[in-house]
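Protein chains in written order, with this note's numbering: chain A, 110 to 362; chain B, 472 to 802; chain C, 24 to 318; chain D, 180 to 569. Glycine included, each C-beta is placed from N, C-alpha and C at the ideal position.
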Amino acid sequence: MEPLLITEKLTKDFGGVRALDNLDLEVREGLIQSVIGPNGAGKTTLFNVISGVIPATSGVVRFNGEIITGLPPHRISNMGTTRTFQNLQLFCDMTVLENVMVGMHMRSAGGFFSSSFRLPWIVAEERRIRDRSIEWLQLVGLEMESEKIAGSLPFGRQRILELARALATDPRLLMLDEPAAGLNLKETQDLAGLIKRISKLDITILLVEHDMDLVMEVSDHVSVMDQGRKIAEGDPETIRNDEAVLKAYLGEE
Amino acid sequence: MTFRSLLRSPYTGFIFFAVLLLLIPLAVTNEYYLNVLIIIGINSIIVMGLDLLMGYTGQISLGHAAFYGIGAYISGVLSAKWGVPPLMGLLLALVGVSIIAFTVGNPTLRLHGHYLAMATLGFGIIVFIFFQELDFLTGGPSGLVGIEAMTLFGITFDSDRSYYYLVSIVMLIILLLSINLVNSRVGRALRAIHGSEIAANVLGVKISRYKNGIFVISALYAAVAGWLYAHYITFISPSSFGFMFSIKLVTMVVIGSLGSLWGAIFGAALLTSLPEFLTVVEDYETVAFGIILMSVMIFMPRGLLRGIEDLVIKIFARISDRSEVQEKINE
Amino acid sequence: MISLEQQILQFVITGITIGSIYGLIGLGFSIIYNSTEIINFAQGEFVMLGGLITVTGIQVLHLPLPFAAILAVIMVAVIGIVMDLFAIRPLKDASAITLIIITIGASIFIRGVSSFVWGKEPYTIPAFSGEEPIPFFGAVIQPQSLWVLFITIVIVVGLKQFFDRTLTGKAMIACAFQPRAASLVGIDVSYMVLLSFGLSGAVGAAAGIVIAPMSMTQYDMGVMLGLKGFCAAIIGGLGYPWGAVVGGLALGILESLGAGLISSGYKDAIAFTILLLMLFFRPQGLLGKTKGDRV
Amino acid sequence: MTKSRLFRLAGIILPMALVIVLAAAPAYAHEEYKIGAIFASTGPASMLGLPEKNTVMMLEEALNAAGGIGGKKVEIIFYNTEADPTKTVTAVKKLIKKDKVEIIIGPTTSGTTLAIIDIIEKEKVPLISAAASVRIIKPVKPYVFKTPQTDVMAVEKIYERLQKNGIKRVAIITVANGFGDSGRNQLKILASKYGLTVVADERFGKKDTDMTVQLTKIKGTNAQAIISWDTNPGPAVIAKNRKALGIKIPLYNSHGVASKKFIELSGGAAEGTYLPAGKLLVVDQLTKNDPQRKVLTDYKNSYESKFGGSANTFGGHAYDAFQIAVKAIQNLVDKKIHVNRDSIRDELENITGFVGTGGIFNFSAKDHNGLTKEGFVLVEIENGDWKLAE
């Protein structure tokens, strides 16, 4: 079976700096796959290029067999992949529920005209969006806070909310950019459980993370990046003992 | 529970407001006050549109007086030169403004922050100059006379009282449409763009479509207001649609409270009627206006409506704190 | 009668003169923007105050022109500082829109007060060195135009030295690019902001003084000049101080060529159309560099 | 959440309630003749509007000190229009509906006057405007009068002179606002009547700081005279730029610069330029038997002693409007006709031979300005002062 996401010779230059260097990566459907690497390895750049937030310098990204490089982010999301952000990008002035409802954007159709006049089918759609969003909140355990302003949540809860919002797009591939950053031990453990639960919903997960314990606990497959290149990959056990990986990390520290 | 949800519904406020608006003429017998209310109504229509753009979507426009003017001039010129009836004038004004707004909005809304402010400001000034220079159509700087009074479906709105009802009804319709819009998928998308363009984008919101869409809608609101204005005063001149008026509109939105339709109406009402109250200080009017603008922004940067809200909540909180303390002492 | 070539030369000379003024005003915008990311809509009022205070210095206090001018520059710098202290500093973490409204409020306030102090009549001051025009290949140059150019160059060179050579100047630039890092290395950011308001007040006042003999000075002259200066700063590239001067010159020359060769009625429309095209196709300005956008 | 929604509602209702309370205040019966005055005492036309306001306030005080009209005092109710059409409309409605005035004088600018004509005609309140445009009284509207000479007369005064000097080609340079626009139209319409061709038609903005470009273009034509049309400070800049460019053909200004400020602003550059002006400017040069001499001297002296500065023709327009309004009421009182809006209007049309600062007014049913171009004199600037050029 062809992998869900493939990058082929993906390259990204920032001025003179090469953030991604002919990167080949495969993400197989149904797995939890992680990308790790020291700071500046190009992990976030990888996410930005895949999600269309910044253009690639060269190379292609295929999603579900189709080339998605060069497409704007909303088109890429529409094909069934979405992401979270390392530094949170919540809609801070909106309520928790509304944030998730925005996630349902692609799964609904109301336009300027029909919404302004609140046509009957809009009323029905609104109800469906609301009910479904509450379900997502229940899944991540945020339903009690649904009416709170997102910006007022504690940091850990905000991370969870961003995850719920991404889930609401009903993705086939969910890319999580350091979801454990800033979380305490307990929260990280809860997150690990949540990621596994999400995986059971037939959602493929691509995870960029610094927290090795989390990575090793949840991942089916791990790729290691350094200076824009992939230096190793395999199951967590293999990676743990890979020399190149150790060197890359130790070399840094 | 039902009572709470009733209170929470955005439509409860609307119904109260609508009843209030339509009852006002029963209490206000002096047409001069109706005149002030009419101008407030016209201004609130523009300001609501501007608030959808600025407060909800986070895109500043320092050139909205231009759309107000284009709406007024299209219907006004058609009426004064060729006797086109106002309803037809409105239709053509809406078509004209949407074409212009779409053409301008497309490249302009790719800009951000101060660049967007400057571009919209430039657009406003260019349009203003066209009002002045196309004098064979617009009557030039000295203005366009001979615009016919508002006649719709055989009814002529030639008294302040009847015009008040017309403006109120149009305003209520626009308010209702706006309430619908902000509480919908589209409204959430707009606020999402305000919150984080990138996040909205990766959640599937096509940014340009929504920015352009709301820009056109807010321009259309302004055009409707312009149409109401032209057929009310029956005279228009470029000076009513200049840069200073654009600035005034922005201050109405901000002083009222960004991102709140009620704030928009409140801001329009306050800043339109303020000069009427400031006639007391007469010569100091501009100085007072400047001071008010600055102090509101310094002490209530979220706008007056939210500012007052916060203040009242704070006072309530303090009172309840105190009573709690009191209770503890009593214990 | 003069030939078309001579006319065009004259247009360019005029454009350079007006452009330098736009540039000086734009410079004021850039200085404040650089240290605070604020667009100060009261910049035009600084220009007006510079002119009117000089008028008072000459006509009421009977000071010689240079002293009156220095007095005006100092006073407007102080007014800029006061504006920062009372209107800008009380705001912490204000949004761009709030700051725009504040500076608009300040400009309305300053205009209102000025209309009391000086009345609504326009004033003028004598040209710095006579009004005998200097012939130049069939066109003429007003001596005051040379003064405008001279003062512009002096200010630009002076500011460049200040930013490049002095510790304070370097600190101000640092605040612009890395305010948090700047405060970490011990730079007093709020002092630098204060300084930038004072400095831009002084530059604005200088612009107001050099054009007063040519264009008259009046309590409400600041609005349009302020807009044009803002325009110049954007065309040159916001945040690139020398960009404002380049932008101002470009704007001035194009505007006066447009007025001369196309239509004087549409003069400002031409200027602002250029601005729009610039924003659409090269939003970073003439001198700005495209920044790599990272998320 | 619920609470805040309520407050939001209250925020809307409170100001509305305030308006209602204010509206409910009873309009008390009045014991004096109420005259509404609307001038642009601030805003872009404040240089005109402020002396107009001052004049009217001064006259009210003087009249009431002298006992008013037939024992009844006169009350001026003043509103500032800021030269803004919307504000003017509001002010007029306030005067008519709330203050219930008998007659309105003002506004300052042509644009604002045109904006209120419909209301004036509908509400049937006499209006004496202080604005220049001929469109105000042509065609004649029953309730609208005006005191300044029209721009037609100013143009004719200049063209007459040009024709006499054998000039055939003129260049015009006008400001892009109501005043300049109205002048520009008349300059173009009337040119052929005086055998003139307009060879250059340049414009500038009210806040422009340099007119070298426009003048350079004029220099490139074969014009024999330049006519500039604006109020201060624009024409002073034009005069200076003209001198700097070494343009030798004569410069004529509009009546809009008829104040000492113009000479002061242009430095020496105004020397030898011409303008049509009301006689106020050259009151000391008038012949002893000039019928306006006394009126002008009185006005000038009382204005200047009260407000300092120098009296200008704009204040004069307000002076005329006020005095004519008072005259009409006085006549009605004398004739024992009930004073109301309609009777005042009718009486205004009967006023003839009224000596004002702008000329001798002869109103009639067909002429609501009542002046001829003889109200203007052509003035030359010589040695920093006005000089009758006739």
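Are residue i and residue j touching if we call contact CB-CB under 8 Å?
i	j	result
residue 618 of chain B	residue 705 of chain B	yes
residue 249 of chain C	residue 102 of chain C	no
residue 508 of chain D	residue 212 of chain D	yes
residue 697 of chain B	residue 542 of chain B	yes
residue 57 of chain C	residue 262 of chain C	yes
residue 200 of chain A	residue 211 of chain A	yes
residue 284 of chain C	residue 582 of chain B	no
residue 168 of chain C	residue 381 of chain D	no
residue 265 of chain A	residue 244 of chain A	no
residue 267 of chain C	residue 46 of chain C	yes
residue 740 of chain B	residue 643 of chain B	no
residue 259 of chain C	residue 310 of chain C	yes
residue 555 of chain D	residue 324 of chain D	no
Is DSSP giving residue i helix, strand or coil here?
i	result
residue 432 of chain D	strand
residue 450 of chain D	coil
residue 213 of chain D	strand
residue 237 of chain D	helix
residue 330 of chain A	strand
residue 494 of chain D	helix
residue 150 of chain C	coil
residue 388 of chain D	coil
residue 279 of chain A	coil
residue 361 of chain D	helix
residue 226 of chain A	coil
residue 313 of chain A	strand
residue 641 of chain B	helix
residue 208 of chain D	Interpretation of residue 208 of chain D is limited by its pLDDT of 44, a score under 50 that renders its predicted location unreliable; no figure is taken from the coordinates.
residue 83 of chain C	coil
residue 142 of chain A	strand
residue 606 of chain B	helix
In whole angstroms, give me the CA-to-CA distance for residue i and residue j.
i	j	result
residue 437 of chain B	residue 556 of chain B	A query on residue 437 of chain B cannot be resolved here, the shown segment of chain B reaching from 472 to 802 and no further.
residue 176 of chain A	residue 185 of chain A	10 Å
residue 96 of chain C	residue 759 of chain B	27 Å
residue 88 of chain C	residue 77 of chain C	8 Å
residue 485 of chain D	residue 233 of chain D	9 Å
residue 282 of chain A	residue 658 of chain B	27 Å
residue 291 of chain D	residue 336 of chain D	26 Å
residue 248 of chain D	residue 356 of chain D	39 Å
residue 559 of chain D	residue 640 of chain B	59 Å
residue 544 of chain B	residue 701 of chain B	7 Å
residue 280 of chain C	residue 31 of chain C	7 Å
residue 350 of chain D	residue 328 of chain D	23 Å
Answer with yes or no whether the minimum CB distance from residue i to chain F is below 8 Å.
i	result
residue 128 of chain C	No chain F appears in this structure, whose protein chains are A, B, C and D.
Which residue's Cα is closest to the Cα of residue i: the options?
i	options	result
residue 336 of chain A	A:347, A:356, A:172	A:356
residue 311 of chain D	D:564, D:465, D:435, D:557	D:435
residue 191 of chain C	C:175, C:204, C:211	C:211
residue 548 of chain B	B:650, B:777, B:740, B:602	B:602
residue 197 of chain A	A:214, A:290, A:246	A:290
residue 533 of chain D	D:483, D:568, D:474, D:563	D:474
Would you list, in chain order, the members of the region 354–367 of chain D that have their beta-carbon closer than 9 Å to a beta-carbon of chain B?
354, 355, 356, 357, 358, 359, 360, 361, 363, 364
query = Mind listing which residues of the region 609–628 of chain B have their C-beta closer than 7 Å to chain D's C-betas, in chain order?
reply = 611, 612, 613, 614, 616
- Cβ-based contacts, 8 Å cut-off: residues of the region 500–527 of chain B near chain D: 500, 501, 502, 503, 504, 506, 507, 508, 510
Under 7 Å (Cβ pairs) to chain B, residues found in the region 301–312 of chain C:
302, 303, 306
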